[in-house]
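Residues in the sequence shown are numbered from 677 upward in steps of one, following our numbering. We put the beta carbon where it would ideally sit given N, CA and C, even for glycine. Beneath this line is the structure, given in structure tokens, with notes to follow.
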Amino acid sequence: MQYQNITQAIFQNRPNRFIAHVDLDGKEEIVHVKNTGRCAELLVPGTPVYIQDALQSNPLRKTRWDLICVQKGSRLINMDSQAPNKVVKEWLEEGRLFTGITQIRPEYTYGNSRIDIYVEAQGQRILIEVKGVTLEEEGIVRFPDAPSERAVKHVTELMRAVKEGYEAYVFFVIQMKNVCCFMPNTDTHPQFAEALREAEKEGVKLLAYDCEVTKDSIQIADEVPVVLDAQDPFDSLPKDMIRWYRQNKRDLPWRNTKDAYHIWVSEIMLQQTRVEAVKPYYERFLNELPTVEALAEAPEDRLLKLWEGLGYYNRVRNMQKAARQIMVDYHGRFPDTYEEILTLTGIGNYTAGAISSFAYGIPEPAVDGNVLRVITRITGNRSDIMQQKTRKSIEEELRRIIPMEDAGDFNQALIELGAIVCVPNGEPRCKECPAFRYCAARKEGCIHEIPVKAKKKARRIEKKTILLFCDEDKLAIRKRPEKGLLAGLYELPSVEGHLNTDEVTRYSKSIGLMPVRVRKLPDAKHIFSHVEWHMTGYAIQVDELEKTNRRELLFIHPEEIQKEYPVPSAFEKYIQLGTGHFSL
């Protein structure tokens, strides 16, 4: 629905239900208010409003201006009480809600009431009573904002119509965007709320849709949950989450597949790693190792090189063990039950639940840190999420409500909500949350206190001296032990503690290398989960390498190191620095 000749003004006051005073370019103007509701929370002195010049279409009008919409914070709200019927009619004419419509008739008389819209479609007679909604409080919209006996009367008539064979709807047009739910306003008119509850029991369908609103247009947009009673959060959580997810989910490459192997790769990569960082690794890994068999047969050095930069290298080693397990135990076919997936090396409850639900639609929960945060905040649970019993309790609660037909989307929704709305650091975007109306942490003002998480032990500090032994255009690297931190990867040589230049020179000679020049490099720090490396570094030009090197050092060109040798990111800064120090 479009408006013409719209102008911005500033609201001043409203002397009665029908008119208001606005400031238009420094001049007071009288405007007709096309909404006789109270609208006290909208029409606040000083608020920007948008008005329509009605004389353009009706030169005989006494009041030149109509009030169309009002700014409330960042939200634009249409106040035209004639708009809801028109936008619903336009929406139906586009083929929405019903197929095979043969007739749409406004203002249809039924019994002692005039029902807003009558529709005939595929032999069915349909009555639709439309209600415009402008009252919004913290993302929840309510109707009515004043007692309305007429509204109760119409709902009662619709119940009678259902008994006579009609299909009947109450359609709430929310004249704004981005709200979390519709609820009847029990404060202003509890009888209307009771009539809606009774009507739903009798077969009257209750719908609510928000609208895309601009200063000169309004059109139906997305369905919004209708909540008639205060509920146990878990009762409405699945429906609310799935609807939100389907409207707001990010487009991620691993969401466009049902291939269990691909999903498994993405889930392991996403552990301890940001989504944006994972994307190129995911594509590269699958291009080189597209199947379980390819992963099972990959040489370890190549496998670790593909994983380089993601860290936590035991993850990919366990993946290879699991791939070999699949080749032996399942003849190369990825298992398709939760219990079988859980037996694979390196796979715990979360990953098994994620693969099961995303790939196969199996209704098993996938509880990671995001889900723990979301659920503990919604329920106000102050149990320590680091304790296994807390995780197990939440898994059991979710297993009870996870929808059989939409298990994957439900699990994805909880994870997505924790990632982009109910965030761990900074301010959660509560007004965008589908659980806004029943989130206990929000209601109790303790969002930043939940989840409760026992403090980790302080990381151990280790001091290291990193040594860049350079021979013309090559750098020395060595392979780390097969067990322990960064097992089996390649590294720059290092020694414990922080050495000075003289100590570096003596150490170099002690391992059979003859330093020609030594240059200090900047300090660096790298953080692992339980330890921090505080590093100082030296670039050392050496001579007579082949005769005297006694520490199994490999002298390799940096480009070849980058291409062929898996080196932990802890050394990345020094390798880059070393590249520029060959001509010491």
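Bridge partner(s) assigned by DSSP for residue i
i	result
lysine 1139	His1210
glycine 808	Val849
alanine 896	Contrary to the premise, residue 896 reads as isoleucine rather than alanine in this sequence. According to DSSP, which records beta bridges pairwise, isoleucine 896 is partnered with Cys887.
cysteine 1146	Leu1151 and Gln1217
histidine 708	Ile695 and Asp742
isoleucine 1203	Glu1208
threonine 683	Ile727
glutamine 800	Ala797
valine 902	Phe858
valine 1128	Asp1060
valine 1194	Ile1216
Boundaries (first-last residue) of the beta strand (DSSP E) holding residue i
i	result
tryptophan 741	741-748
valine 698	695-700
phenylalanine 819	816-819
arginine 751	751-754
threonine 1021	From DSSP, threonine 1021 is part of no beta strand (DSSP E); its letter is neither H nor E.
glutamate 1172	1170-1172
Among the options, nearest to residue i - alpha-carbon criterion
i	options	result
glutamine 688	Pro721, Leu1189, Asn861 and Ile1203	Pro721
leucine 928	Leu1230, Ser942, Val806 and Asp916	Ser942
leucine 731	Thr712, Val707 and Asn754	Val707
asparagine 994	Ala970, Gly1022 and Leu986	Gly1022
isoleucine 1106	Met1062, Leu1144, Arg1075 and Arg1053	Per the sequence shown, residue 1106 should be read as cysteine rather than isoleucine. Ranking Met1062, Leu1144, Arg1075 and Arg1053 by Cα distance to cysteine 1106 puts Arg1053 first.
glutamate 1248	Arg1156, Glu1208, Tyr1166 and Gly1008	Tyr1166
alanine 897	Gly1164, Thr862 and Asn854	Asn854
glutamate 1108	Glu1138, Asn924, Glu1240 and Val992	Asn924
tyrosine 958	Asp977, Ala936 and Trp983	Trp983
glutamine 867	Thr775, Phe819 and Gln996	Phe819
cysteine 715	Thr810, Leu872, Asp701 and Glu1228	Thr810
leucine 1161	Ile791, Asp911 and Asn990	Asn990
glutamate 1072	Glu1103, Pro1039, Leu979 and Ile1096	Pro1039
Residue i, enclosing alpha helix (DSSP H) - first and last residue
i	result
glutamate 796	That residue, glutamate 796, is in no alpha helix (DSSP H); its beta strand (DSSP E) goes 789-797.
methionine 1266	In the structure displayed, the chain extends from 677 to 1260; residue 1266 sits before or after that span and is not available.
threonine 778	First-last for threonine 778: 777-786, but that is the beta strand (DSSP E), not the alpha helix (DSSP H).
phenylalanine 1034	1025-1036
histidine 938	936-946
histidine 830	825-839
glutamate 952	951-964
proline 760	759-769
arginine 991	990-1005
glutamine 1063	Glutamine 1063 -> no alpha helix (DSSP H), and no H or E assigned at all.
serine 733	Counting along the chain, serine 733 falls outside any alpha helix (DSSP H), and DSSP gives it neither H nor E.
phenylalanine 1267	Any question about residue 1267 goes unanswered here, given that the chain covers just 677 to 1260.
glutamate 1092	1083-1096
leucine 678	Here residue 678 turns out to be glutamine, not leucine, going by the sequence shown. Neither: glutamine 678 is in no alpha helix (DSSP H) and is coded neither H nor E.
proline 1244	It is not in any alpha helix (DSSP H) - proline 1244 carries neither H nor E in the DSSP assignment.
aspartate 1178	1177-1186
glycine 1121	Counting along the chain, glycine 1121 falls outside any alpha helix (DSSP H), and DSSP gives it neither H nor E.
Through-space distance from residue j to residue i, alpha-carbon basis
i	j	result
alanine 685	lysine 1065	59 Å
serine 893	glycine 808	15 Å
aspartate 886	tryptophan 767	12 Å
serine 1059	glycine 1213	45 Å
threonine 1013	methionine 755	54 Å
methionine 1080	valine 900	22 Å
glutamate 876	arginine 1113	21 Å
alanine 869	lysine 915	22 Å
arginine 1154	valine 1171	13 Å
arginine 926	leucine 986	22 Å
histidine 1210	lysine 1140	6 Å
leucine 834	asparagine 932	44 Å
tryptophan 741	threonine 890	18 Å
arginine 1135	isoleucine 1203	9 Å
glutamate 1240	glycine 1164	14 Å
lysine 1201	tryptophan 920	41 Å
aspartate 935	proline 1011	11 Å
isoleucine 727	leucine 803	32 Å
alanine 953	leucine 946	9 Å
aspartate 701	threonine 683	10 Å
tyrosine 1026	valine 1043	5 Å
threonine 949	glycine 1094	15 Å
glutamine 1238	glutamate 976	16 Å
Cβ of residue i within 8 Å of any chain B Cβ
i	result
aspartate 792	As a matter of chain content, chain B is missing from the structure shown, which is built from one protein chain.
Report yes or no: do three or more beta-carbon pairs, one from the segment 1110-1130 and one from the segment 808-828, lie closer than 8 Å? yes
Any contact between the segment 966-982 and the segment 997-1012? By contact I mean 3 or more CB pairs, one from each, below 8 Å. yes
Cβ contact (3+ pairs, closer than 8 Å) linking the segment 821-841 and the segment 1120-1136: no
For the structure I just gave you, are there three or more beta carbon pairs, one from the segment 782-791 and one from the segment 847-865, closer than 8 Å? no
At least 3 beta-carbon pairs within less than 8 Å: the segment 785-798 vs the segment 732-743: no
Below 8 Å, how does it come out for the segment 743-754 and the segment 837-845: are there three or more Cβ pairs, yes or no? no
Counting Cβ pairs closer than 8 Å, one from the segment 1079-1095 and one from the segment 1035-1054, do we hit at least three? yes
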